[in-house]
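Basically this note's numbering = 1-based index in the sequence shown + 477.
From the three backbone atoms N, C-alpha and C, an ideal C-beta is built for every residue, glycine too.
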Amino acid sequence: MASPQQIVTIDGPSGVGKSTVSRAVAARLGYTYLDTGAMYRAVAWKCLQEGVSPDDEQGVARLLNDLDIRLLPPEREGDDVRVLVDGRDVSREIRTPEMAMAASRVSALGVVRQRLTRMQQEMGAAGRIVAEGRDTGTVVFPRAAWKFFLDAAPGERARRRAEQLRQRGQEVDKEEILAQIIQRDRDDRQRTIAPLRAAPDAIHIDTTNLDLDQVVDLILSHIRQK
Ligand code: DC
Numbered sequence: 478m479a480s481p482q483q484i485v486t487i488d489g490p491s492g493v494g495k496s497t498v499s500r501a502v503a504a505r506l507g508y509t510y511l512d513t514g515a516m517y518r519a520v521a522w523k524c525l526q527e528g529v530s531p532d533d534e535q536g537v538a539r540l541l542n543d544l545d546i547r548l549l550p551p552e553r554e555g556d557d558v559r560v561l562v563d564g565r566d567v568s569r570e571i572r573t574p575e576m577a578m579a580a581s582r583v584s585a586l587g588v589v590r591q592r593l594t595r596m597q598q599e600m601g602a603a604g605r606i607v608a609e610g611r612d613t614g615t616v617v618f619p620r621a622a623w624k625f626f627l628d629a630a631p632g633e634r635a636r637r638r639a640e641q642l643r644q645r646g647q648e649v650d651k652e653e654i655l656a657q658i659i660q661r662d663r664d665d666r667q668r669t670i671a672p673l674r675a676a677p678d679a680i681h682i683d684t685t686n687l688d689l690d691q692v693v694d695l696i697l698s699h700i701r702q703k
């Protein structure tokens, strides 16, 4: 296990801006950014590709037997990480609202969580990492030195997510995005295994009225203090 001094975890609900914040924090610290949500999306993509229901634990377990997920640095600074599934670049395909919903369903399965948690721990074993997701402070890296939990009002999160999708050239219906965010949060919080939850020692940041730079500066100031 890496020295806990070198691990930062950033968890929180969908659309709170975790990815943008985590990428910026990692860049400022010179650490590697680990997007754990991308891995759940990759499993969801594989399910849809193979016609396996994201709720079918046995079917998904079979898929996991020969599933190769790779995360690569983005082609351009500021972009999402690149994701290869069995060698195929699925970076764009996994970033749709439908894939997010499927990822949330697949993420409730114990067999998936076990496998991805282990991969994430291996990826973080060398330390100097900023891990982002739902359970990185509670389950994946419980001994991380710095843990943050970001939140924001649901309406603001829907606005941010819609803006992000629009920038990627996707059509958006704000009401639908809000409904999906609310449902995904409820499912992520209520699932039995590794639910979305702040670690008891996480620092909570309400980002509703903060911009990206303010959140990043706040996180860095906490890290520098400790
Ligand atoms: O962060 P994201 O929107 O890319 O995550 C997609 C889904 O994956 C999310 O709704 C729940 C699941 N997930 C998870 O269960 N645990 C994580 N550490 C990261 C994501």
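Neighbour-count burial assignment, residue i, 16 or more Cβ in a 10 Å radius
{"i": "Val485", "result": "buried"}
{"i": "Ser491", "result": "buried"}
{"i": "Leu586", "result": "buried"}
{"i": "Thr669", "result": "exposed"}
{"i": "Ser698", "result": "exposed"}
{"i": "Asp665", "result": "buried"}
{"i": "Arg569", "result": "exposed"}
{"i": "Glu609", "result": "buried"}
{"i": "Thr685", "result": "exposed"}
{"i": "Arg637", "result": "buried"}
{"i": "Met478", "result": "Because Met478 sits at a pLDDT of 48, beneath the cut-off of 50, its placement in the model cannot be relied upon, and the following sentence gives the value as read from the coordinates. Exposed, because fewer than 16 other Cβ atoms sit within 10 Å of the Cβ of Met478."}
{"i": "Arg620", "result": "exposed"}
{"i": "Lys495", "result": "buried"}
Residue i, enclosing alpha helix (DSSP H) - first and last residue
{"i": "Asp664", "result": "Lys651 to Gln667"}
{"i": "Ala501", "result": "Lys495 to Leu506"}
{"i": "Gly632", "result": "Pro631 to Gln644"}
{"i": "Asp512", "result": "Here Asp512 belongs to no alpha helix (DSSP H); instead the beta strand (DSSP E) covers Thr509 to Asp512."}
{"i": "Leu695", "result": "Leu689 to Gln702"}
{"i": "Leu627", "result": "Looking at the DSSP string, Leu627 is not in any alpha helix (DSSP H); the run it does join, the beta strand (DSSP E), is Trp623 to Asp628."}
{"i": "Val588", "result": "Gly587 to Met600"}
{"i": "Arg582", "result": "Pro574 to Val583"}
Proximity winner among the options, relative to residue i (alpha-carbon distances)
{"i": "Arg674", "options": "Glu552, Asp662 and Val588", "result": "Asp662"}
{"i": "Asp532", "options": "Arg582, Gln483, Leu687 and Gly632", "result": "Arg582"}
{"i": "Val560", "options": "Ala602, Lys523 and Asp612", "result": "Lys523"}
{"i": "Ile658", "options": "Pro677, Gln641, Gly632 and Arg645", "result": "Gly632"}
{"i": "Arg611", "options": "Gly514, Ala504 and Val502", "result": "Gly514"}
{"i": "Gly536", "options": "Lys651, Arg547, Val520 and Asp688", "result": "Val520"}
{"i": "Leu544", "options": "Ala621, Val558 and Asp563", "result": "Asp563"}
{"i": "Val589", "options": "Pro574, Arg643 and Arg539", "result": "Arg539"}
{"i": "Ser528", "options": "Ala579, Thr573 and Gln702", "result": "For clarity, residue 528 is Gly in the given sequence; the question names Ser instead. Per the Cα distances, Ala579."}
{"i": "Glu595", "options": "Ile546, Ser530, Ala630 and Ala504", "result": "First, the amino acid is wrong: residue 595 is Arg here, not Glu. Measuring from the Cα of Arg595, the nearest candidate turns out to be Ile546."}
{"i": "Trp623", "options": "Glu648, Leu549, Gln702 and Asn542", "result": "Gln702"}
{"i": "Thr573", "options": "His681, Val649, Gln483 and Gln597", "result": "Val649"}
Boundaries (first-last residue) of the beta strand (DSSP E) holding residue i
{"i": "Ile606", "result": "Ile606 to Gly610"}
{"i": "Val560", "result": "Arg559 to Val562"}
{"i": "Leu673", "result": "Note, Leu673: premise wrong, no beta strand (DSSP E); not H, not E."}
{"i": "Arg539", "result": "Arg539 -> not in any beta strand (DSSP E); alpha helix (DSSP H) instead, spanning Glu534 to Asn542."}
{"i": "Asp488", "result": "Ile484 to Asp488"}
{"i": "Asp683", "result": "Ile680 to Asp683"}
{"i": "Arg547", "result": "Ile546 to Leu549"}
Contact check, residue i vs residue j, beta carbons under 8 Å
{"i": "Phe618", "j": "Ala679", "result": "no"}
{"i": "Tyr508", "j": "Leu593", "result": "no"}
{"i": "Ala671", "j": "Val607", "result": "no"}
{"i": "Val493", "j": "Arg643", "result": "no"}
{"i": "Leu689", "j": "Val502", "result": "no"}
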